[in-house]
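Sequential numbering from 8 applies to the sequence shown in my numbering. Every residue, glycine too, gets a C-beta built ideally from N, C-alpha and C.
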Amino acid sequence: MDWKEKRHTVLLCRWAVDNVSVVRRAPTWHSVSSLVDAIVGYFSFSCWILLIHSRPLSFVGYFSFSCESSERETKETMAEKTVVLYPSLGVGHLNPMAQLAKALLRRGGVSVTIAVVDPPEKDAVLAAALARLAAASPAITVRLLPIPPSSRDPSKAYSHPIMPILDALRAASPALREFLRSHAPAVDALVVDMFCIDALDVAAELAIPAYIFYPSAAGDLAVYLQVPDLCRAAPSSLKDMGKAPLEFAGVPPVRAHDMPDTMQDWESDVCQVRLQQLARMQEATGILVNSFEWLESRALKALREGHCLPGRSTPKIYCVGPLVDGGRTEENGERHACLGWLDRQPERSVVFLCFGSMGAFSAAQLKETARGLERSGHRFLWTVRSSRREHQSNSPDPDLEALLPDGFLERTKDRGSVLKNWAPQTEVLRHEAVGAFVTHCGWNSALEAIMSGVPMICWPLYAEQRLNKVHMVEEMKLGVAVDGYDEELVMADEVEGKVRLVMESEEGKKLRERMATAKEMAADAIKKGGSSDVELGEFLRGLGNIST
8 MDWKEKRHTV LLCRWAVDNV SVVRRAPTWH SVSSLVDAIV GYFSFSCWIL
58 LIHSRPLSFV GYFSFSCESS ERETKETMAE KTVVLYPSLG VGHLNPMAQL
108 AKALLRRGGV SVTIAVVDPP EKDAVLAAAL ARLAAASPAI TVRLLPIPPS
158 SRDPSKAYSH PIMPILDALR AASPALREFL RSHAPAVDAL VVDMFCIDAL
208 DVAAELAIPA YIFYPSAAGD LAVYLQVPDL CRAAPSSLKD MGKAPLEFAG
258 VPPVRAHDMP DTMQDWESDV CQVRLQQLAR MQEATGILVN SFEWLESRAL
308 KALREGHCLP GRSTPKIYCV GPLVDGGRTE ENGERHACLG WLDRQPERSV
358 VFLCFGSMGA FSAAQLKETA RGLERSGHRF LWTVRSSRRE HQSNSPDPDL
408 EALLPDGFLE RTKDRGSVLK NWAPQTEVLR HEAVGAFVTH CGWNSALEAI
458 MSGVPMICWP LYAEQRLNKV HMVEEMKLGV AVDGYDEELV MADEVEGKVR
508 LVMESEEGKK LRERMATAKE MAADAIKKGG SSDVELGEFL RGLGNIST
């Protein structure tokens with residue numbers, strides 16, 4: 008029977024009968040036992056249950072149970088809210104959404120479904136990530152949204168790798184619409200990835216409040232919201248401005264060539280699409296940002312005070328980060344071998360190099376990097392992918408002997424370890440032996456470094472990473488940049504010099520001290536009552552009367 012019609016009320020009280028809370032649950036309860044089972048799975052204190060029907064008392068049942076914790080206070084909650092998260096394609100977009108889902112579930116009073124676009128061309132990496140998510144977080148529901156093979160024209164030539172992704176997301180709109188329309192209970196909020204702007208139309212059609220999840224830096228968001236105005240005012244495309252500084256509210260000056268490649272040519276189709284998407288971000292009910300107040304206070308102030316959208320309404324900004332992966336073991340439950348190697352190294356003695364899933368370098372660059380590491384004399388753990396040419400030919404594993412200088416592996420075997428393709432980055436960064444992180448400046452990687460207190464040597468490669476470098480080096484002062492990242496080669500002398508600077512110099516010591524403060528402030532932000540915890544609670548309260 009429907010709970011609204013019959014108005015079942017469950018009174019949950021502790022042994023002290025003067026402490027009573029009223030809890031209303033949305034599902035239909037077909038039996039007393041099913042109701043009790045659900046409550047036992049939801050509450051975590053010892054109590055008595057008294058079930059009362061709204062009609063004259065036809066049944067009164069008493070049940071006692073004890074759960075694992077008695078510390079959580081009884082609190083009044085309203086009906087559970089339903090939130091659907093809609094990430095863009097790729098593991099790099101799924102993972103932050105999954106962390107957001109976990110953060111929402113930890114607060115309670117909400118159910119979360121992640122709707123994932125399932126393209127005809129299967130992605131084994133994405134499938135593996137979804138399997139891990141299902142195993143680790145069964146409370147998160149994952150719904151695949153298939154798109155028909157006919158949605159993509161095989162003869163169509165794309166000008167940029169992001170264009171087929173945007174086409175796939177657009178083709179998934181009918182499946183998303185049907186899923187949201189048929190969802191029971193009704194969806195209270197749709198949270199979309201920054202690339203899923205077309206989903207705003209679906210949400211508006213179904214009268215569902217739509218929020219944007221911005222998984223990167225608040226500084227990036229501040230810049231991007233100002234780009235459409237910059238485009239209208241600029242005399243030429245960014246690609247013609249070279250290293251000319253661009254002024255944006257809330258962030259340090261950004262050189263034109265450090266802006267993402269999708270925005271370099273105003274006339275290109277990819278830039279036109281991105282400009283349309285950015286202009287529509289203000290249509291969202293709010294924007295959730297994967298950052299925290301202490302880290303980006305200036306950018307957040309500019310956003311909240313409307314300086315990034317002058318004369319227009321800025322959506323409510325919720326700073327809810329850092330949302331990072333908690334790390335994982337191997338599928339067989341064992342630690343990765345590299346962690347055992349780190350166990351044998353002195354504290355803060357190892358330089359860790361890892362450049363993300365797309366961090367493929369030329370063979371010439373790999374050799375220069377190796378020479379720089381060898382000359383530095385410091386211990387290192389280096390994840391190497393196939394060179395760009397091999398990467399394009401789908402070579403499964405890099406041939407280290409061919410890619411690295413002759414004899415390099417033998418000469419450095421006592422102080423270095425080279426891994427093929429992948430390392431458990433989160434666990435490595437948290438290891439006490441790691442003293443520096445050479446990174447491509449992906450935002451997930453930056454947050455993991457901050458949560459681990461490891462200073463960064465910034466070597467941006469693609470997408471928004473050059474922009475992130477500006478924030479991390481010039482605004483946050485949590486790293487140093489590799490000179491030549493924007494040239495054909497970063498030379499061995501530069502690699503050696505930056506490693507020595509971070510590991511040996513007074514400047515490196517100051518970096519470590521500031522990073523230690525950042526680590527502490529990040530932990531404070533997400534703990535109960537911290538700035539990000541409070542803002543996540545504000546987001547939930549905005550969906551209705553949820554006790555948070």
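Distance, residue j Cα to residue i Cα
| i | j | result |
| --- | --- | --- |
| Leu349 | Pro222 | 30 Å |
| Ala138 | Gly99 | 15 Å |
| Glu542 | Trp301 | 14 Å |
| Ser512 | His385 | 13 Å |
| Leu96 | Gln271 | 23 Å |
| Ala179 | Arg281 | 18 Å |
| Val391 | Phe415 | 14 Å |
| Gly442 | Val358 | 6 Å |
| Ser383 | Ala377 | 10 Å |
| Pro405 | Pro126 | 28 Å |
| Tyr165 | Ile172 | 10 Å |
| Tyr110 | Leu237 | Correcting the residue type first, residue 110 is Ala in the shown sequence and not Tyr. Taking the straight line joining both Cα atoms gives about 36 Å. |
| Pro103 | His167 | 24 Å |
| Ala182 | Pro216 | 18 Å |
| Ile204 | Gln372 | 37 Å |
| Gly423 | Val497 | 20 Å |
| Val477 | Arg311 | 21 Å |
| Gly226 | Thr446 | 19 Å |
| Arg150 | Ala291 | 23 Å |
| Ser394 | Pro431 | 21 Å |
| Arg262 | Gly116 | 45 Å |
Same chain only: Cβ atoms within 7 Å of residue i, ignoring 5 sequence neighbours per side
| i | result |
| --- | --- |
| Thr419 | Glu381 |
| Asp540 | Ile533, Lys534 |
Collapsed DSSP secondary structure at residue i in the structure displayed
| i | result |
| --- | --- |
| Asp332 | coil |
| Lys250 | coil |
| Phe299 | coil |
| Ile533 | helix |
| Ser77 | Its pLDDT being 31, under 50, Ser77 is placed unreliably by the model, and the measurement read from it follows with that caveat. It is coil, neither helix nor strand. |
| Cys278 | helix |
| Phe368 | coil |
| Gly293 | strand |
| Lys129 | coil |
| Leu388 | strand |
| Asn345 | Note on residue identity: the sequence assigns Cys, not Asn, to residue 345. In this structure, Cys345 counts as helix in the three-state DSSP scheme. |
| Arg351 | coil |
| Pro34 | Low per-residue confidence applies at Pro34: pLDDT is 37, beneath 50, and the placement is therefore not dependable enough to give any value. |
| Val258 | coil |
| Gly313 | coil |
| Ser144 | coil |
| Gly318 | coil |
| Pro267 | coil |
| Glu375 | helix |
| Arg287 | helix |
Beta-carbon contacts of residue i that lie in its chain and below 6 Å, excluding the five residues immediately before and after
| i | result |
| --- | --- |
| Met522 | Gly460, Pro462, Leu485 |
| Lys323 | Gly293 |
| Leu550 | Lys88, Asp195, Ala196 |
| Arg305 | Gly257 |
| Lys427 | Asp404, Pro405 |
| Ala309 | Ala229, Ala256, Gly257, Cys315 |
N- and C-terminal bounds of the beta strand (DSSP E) containing residue i
| i | result |
| --- | --- |
| Leu492 | The sequence given here places Tyr at residue 492; Leu does not occur at that position. Where Tyr492 is concerned, there is no enclosing beta strand (DSSP E), given that its DSSP letter is neither H nor E. |
| Ala122 | 117 to 125 |
| Phe359 | 357 to 361 |
| Lys88 | 88 to 93 |
| Arg150 | 148 to 153 |
| Phe415 | Element bounds for Phe415: not the beta strand (DSSP E) but the alpha helix (DSSP H), 415 to 418. |
| Lys323 | 323 to 326 |
For residue i, the first and last residue of its enclosing alpha helix (DSSP H)
| i | result |
| --- | --- |
| Asp272 | Taken as a continuous stretch (DSSP letters only), Asp272 belongs to no alpha helix (DSSP H), as it is neither H nor E. |
| Trp429 | Element bounds for Trp429: n/a, residue is neither H nor E. |
| Phe546 | 538 to 549 |
| Lys476 | 472 to 477 |
| Lys505 | 499 to 511 |
| His100 | 98 to 114 |
| Lys586 | Since the first and last residues shown for the chain are 8 and 555, residue 586 lies out of range. |
| Ala409 | 407 to 410 |
Heavy atom of the ligand GDP within 8 Å of residue i beta-carbon
| i | result |
| --- | --- |
| Leu550 | Absence of the ligand GDP from the depicted structure is noted, as is the absence of any ligand whatsoever, leaving it without description. |
Residues near residue i in its chain [Cβ-Cβ closer than 8 Å; skip 5 each side]
| i | result |
| --- | --- |
| Glu514 | Val487, Leu508 |
| Val480 | Cys465, Gly486, Val487, Ala488 |
In chain order, which continuous runs of the beta strand (DSSP E) of length 3 or greater are located wholly inside the stretch 441 to 468? 441 to 446, 463 to 465
What runs of the alpha helix (DSSP H), each 4 residues or longer, lie entirely inside the stretch 161 to 244? 169 to 178, 180 to 189, 206 to 212, 225 to 240
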